[in-house]
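Here is the structure we will look at, set down as structure tokens.
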Amino acid sequence: MKQVSNMAASVRQRLSNLAKEEKVDFSIILTRYSLERFLYRLGNSQYSDQFLLRHNI
Numbered sequence: 004m005k006q007v008s009n010m011a012a013s014v015r016q017r018l019s020n021l022a023k024e025e026k027v028d029f030s031i032i033l034t035r036y037s038l039e040r041f042l043y044r045l046g047n048s049q050y051s052d053q054f055l056l057r058h059n060i
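With our numbering applied, the sequence shown covers 4 to 60.
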């Protein structure tokens, strides 16, 4: 596996490629990725049992 020297730039480029492939605005892809990563980190944190995700907010 190839060692990535700049992880942020690599992720940004992959998201940009995905946006072009799906013909979706890059900002939408970036927002969706950011929210998913936030929820992932929250779910793995020591505070995960203090939050409840509701769909109809």
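All C-beta atoms, glycine included, are put in the ideal place defined by N, C-alpha and C.
- Counting only residues of its own chain and dropping the five nearest sequence neighbours on each side, aspartate 28 has no CB closer than 6 angstroms to any other CB.
- Counting along the chain, arginine 40 sits inside the alpha helix (DSSP H) bounded by residues 29-46.
- Secondary structure at leucine 18: helix, using DSSP grouped into helix, strand and coil.
- Residue state for serine 8 is assigned as coil, using DSSP reduced to three classes.
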